[in-house]
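Heads up, the thing below is written out as C-alpha cells.
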Amino acid sequence: MAPEILYFAIPGFVVLLLLEAWFSWKEHRELYTVKDTFSSLAMGIGNVISGFLAKLVVLGAFTLVYQVRLFTFPFAWWMWLLAFFADDLSYYWFHYVSHNMRWFWASHVVHHSSQHYNLSTALRQTWTGNLTGAFIFWMWMPLVGFHPIVVMLMQQISLIYQFWIHTEAIHLLPRLIEYIFNTPSHHRVHHGSNLKYLDKNHGGVLIIWDRLFGTFQPEEERPVYGLTKNIETYNPVRIAFKEWGAMFGQAWRSRSVRHGINYLFRPPGWSHDGSSKTVKEMKEEQPPPASAS
C-alpha cells in the first residue's frame, strides 16, 4: 500500500484553516459559515473512510496492469519528474471529463456544492469517486512502467498542493507563477458559477494544460460560487448522493434506453426534452456582447 502522506498533511490543513477563519473574522470577510464548514468537514471525513478500502482495489488494479508494463522505470530522479508531469496530465483529463460526463460529475459535483470558497471547501470531497472508475485515467501510468506506489504517491502530492489554492485570502501571485501553476485566482474561476467561468481551469498543480487545451479563463469579475442550481442542503448524506438520485431518476423517467444512457454519459444538464441545458448550450444561447457605438 502506498504511504498515506495525505493523512500526515491533515494537521497542517487544520492549522491553515484556523488561520484563514481568523483572517476572515479579523477582516470582516465572512468567508465561513458554521453549517457550510461542518458540511465540508463531514464530507472530508466520509471521503477518508470510504476511500480506505477503495484504495486497496485501485492499488490492485494498478498492480495487475503493472505486470504487463511496457517498460520498467528505475527509481531515479528523472522518473519522479516524469511521474509528476504524467500524473498532472492525467488529473487534468480526469477533471475535464468529470465536468463533461454526468457519470463522473455525480461524484465531483460534491466538491462544487458549497456557495463559499475557503480552505474547508478543499475538504468537501466525494464519497463515491473510486466507485465510478475514476482511477482509469491513471491506468496508463503503470502500463508504461511507473510503479503503482509512485502513481498513488503522486496523486496524494497533487491533492496536498490543491488544498491551499481554495482561498480568497490570496489575490494574485507573481506573473510567472500565475502563468505556470494553478493558483487561488485560477481555481476561484473554476469554482465560479458565472457562465463565462463554467468548465474552465481544470489543472491540478499546473495550469499549462488549460492554456494548451483551450480551457483557461483568467479571473475577471468576482466569482459567484456554487452550482448553476444549488442543492440548498447542509446534510452530508444528501450532498453525497443527491446528484446520483437525480441522474438515475431522470434516466428512469425518460422511459427510453437510449435516453437513459445519455443521461448517464452525456454532459451535465443534457435532457431529452430540453428541460435543462448543458454548459455548451447555455453559452450558445447567450446573446453576443453589444458592440461599441
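Residue numbering for the sequence shown follows the UniProt record's numbering, beginning at 1 and increasing consecutively.
Glycine included, every Cβ here is placed at the ideal spot set by N, Cα and C.
7 angstroms CB neighbourhood of residue i in its chain, flanking five on each side removed
i	result
W93	F137
L41	S120 and L123
D273	none
L212	none
Boundaries of the alpha helix (DSSP H) in which residue i is found, first to last residue
i	result
L264	V257 to F265
P236	P236 to R253
residue 310	Here the chain has residues from 1 to 293 only, and residue 310 is not among them.
V144	W140 to V144
E285	V279 to E285
P268	From DSSP, P268 is part of no alpha helix (DSSP H); its letter is neither H nor E.
I157	P148 to F163
L17	I10 to K26
V110	R102 to H112
For residue i, the nearest candidate out of the options (CA to CA)
i	options	result
W127	V15, H112, G46 and E20	G46
residue 340	L227, G249 and W244	Absent from the model: residue 340. The displayed extent of the chain is 1 to 293, so no value can be given.
K229	E220, G192 and K200	G192
F71	P11, P142, G12 and G60	P142
V97	N201, M152 and Q125	N201
A246	R258, D210 and S276	S276
K242	W252, A251, I231 and L64	I231
R238	A169, Y179 and S113	S113
F181	E168, D210, Y197 and A169	D210
Q125	V151, F146, M152 and L159	L159
D199	Y179, V144, R69 and E281	E281
G145	M79, V57 and D36	M79
G129	F75, V57, W25 and V257	V57
Interface flag, residue i vs chain D, CB-CB below 9 angstroms
i	result
M152	In the structure shown, chain D does not exist; there is a single protein chain.
Close beta carbons around residue i, own chain, < 6 angstroms, minus the five adjacent residues each side
i	result
S293	Residue confidence is low: S293 scores 47 on pLDDT, short of 50, so the model does not pin down where it sits. No coordinate-derived value is stated.
L218	A small fix is needed here, since residue 218 is Pro in this sequence, not Leu. Closer than 6 angstroms at the Cβ level, and outside the excluded window around P218, lies no residue.
Beta-carbon contacts of residue i that lie in its chain and below 8 angstroms, excluding the five residues immediately before and after
i	result
N194	E221, P223 and V224
F52	none
F38	Y234
Residue i: CB within 8 angstroms of a non-hydrogen atom of the ligand GTP
i	result
L176	This structure does not include the ligand GTP; it has no bound ligands of any sort.
task: Go through the segment 63–89 residue by residue and report every complete run of the alpha helix (DSSP H) that reaches 4 residues or more, in order.
output: none
- prompt: With a cut-off of 8 angstroms, do at least 3 Cβ pairs link the segment 99–107 to the segment 263–283?
  reply: yes
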